[in-house]
Each structure stands twice: as C-alpha cells, then as structure tokens.
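*Asks:* Following this message is one structure expressed as structure tokens.
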Amino acid sequence: MKNQQLVAAKAVDEVDDVTNVNDPYNIAKQGGKHSGFYNEYAKKPDSQIRKGIESINKQISEHQKKIEYPQKFISDFDNLDPRQQKALPDKWQSDINRQNEQKTILEGLLKERGL
Numbered sequence: 328m329k330n331q332q333l334v335a336a337k338a339v340d341e342v343d344d345v346t347n348v349n350d351p352y353n354i355a356k357q358g359g360k361h362s363g364f365y366n367e368y369a370k371k372p373d374s375q376i377r378k379g380i381e382s383i384n385k386q387i388s389e390h391q392k393k394i395e396y397p398q399k400f401i402s403d404f405d406n407l408d409p410r411q412q413k414a415l416p417d418k419w420q421s422d423i424n425r426q427n428e429q430k431t432i433l434e435g436l437l438k439e440r441g442l
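Using the working numbering, the letters of the sequence shown map in sequence onto residues 328 to 442.
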C-alpha cells in the first residue's frame, strides 16, 4: 500500500512538472492566489506588463539590499528589539517571494500572448 502511495505521489509530481499546475500563473488564472492581480494585468497592453516586470525587478533588488544591509535603510536598526531585527528581514523575504510570484504571472501573460 505504501508503495502505491509513493508511485501515485511521484505521478502527481511528474504531471506538475509537465503542466506546471502549481505555477503561480496557472493558479492565478484559475482564480486562486493572486487572481485579482492576474485579472487586472490581463486587461493591460503588453507595454504595461513589461513595465510591471521591470518595476517588480527593481522592488526585488531593493528588498535584497535591505536584507543584506538593513542598517542602511533603517538608521536605528541595531537598537531595535531583537525580535524586530529578525521580523523585518523575514518580511522583506516574504515580499520578495510575493513579487517573484507576481513576476511569474506577468511573464505568463506575455507568454500566453506569444511574446
């Protein structure tokens, strides 16, 4: 029985690899997470989507710098409570994760349009 479950799980993983059903673009397109973002950008011209990707790339870069050098962005960072010192980089990483998902959605829209 356990072997069958492993085989079934592997088959699901292989299907996911082929169809990318767990891809943020497909999830959003099907009405899941970030569907509002998808619906908003689906109406926009290609130029706006490209501009959105560029903007997200800048935001990701900015957040990566904040994680690497928090003192440059928050003057009293070293005086913050240790919990806050941990929470801020965690939040910035969470922002990066969300931004990467949104970027994948925008790239998916362009790909769907044949661009």
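All C-beta atoms in this analysis are idealised placements derived from N, C-alpha and C, irrespective of residue type, glycine included.
1) So, helix, strand or coil for P409, using DSSP?
2) Could you give the C-beta distance for H361 and E439, rounded to a whole number, given that I count them as a contact under 8 Å?
3) Roughly how many angstroms lie between the CA atoms of N349 and Q357, to the nearest whole one?
4) Rounded to a whole number of angstroms, what is the C-alpha to C-alpha distance between L407 and Q386?
5) Have a look at G441, L442, L433 and flag the residue whose alpha-carbon is nearest the alpha-carbon of I443.
6) Using 8 Å for Cβ pairs, my map puts I394 next to K430. What's the rounded Cβ distance?
7) Between H390, K370, Y368, P397, which lies nearest to N424 when the distance is taken from Cα to Cα?
*Replies:* Taking the coordinates as given:
1) Indexing the sequence shown from 1 puts residue 409 at position 82. If DSSP states are grouped into helix, strand and coil, P409 belongs with the helices.
2) Locating residue 361 in the sequence shown gives position 34, where the first residue counts as 1. Locating residue 439 in the sequence shown gives position 112, where the first residue counts as 1. Going by Cβ atoms, the distance from H361 to E439 rounds to 15 Å, so no, they are not a contact pair.
3) By one-based count along the sequence shown, residue 349 stands at place 22. By one-based count along the sequence shown, residue 357 stands at place 30. Each residue's alpha carbon lies about 11 Å from the other.
4) Taking the sequence shown and counting its residues from 1, one reaches residue 407 at position 80. Taking the sequence shown and counting its residues from 1, one reaches residue 386 at position 59. Approximately 24 Å between the Cα atoms of the pair.
5) Past the boundaries of the shown model lies residue 443; the chain is included only from 328 to 442, so the question cannot be answered.
6) The residue you call residue 394 lines up with position 67 of the sequence shown. The residue you call residue 430 lines up with position 103 of the sequence shown. Wrong, their Cβ atoms sit about 18 Å apart, outside the cutoff.
7) Along the sequence shown, read from residue 1 onward, the residue named residue 424 stands at position 97. Minimum Cα distance to N424 is reached at H390.
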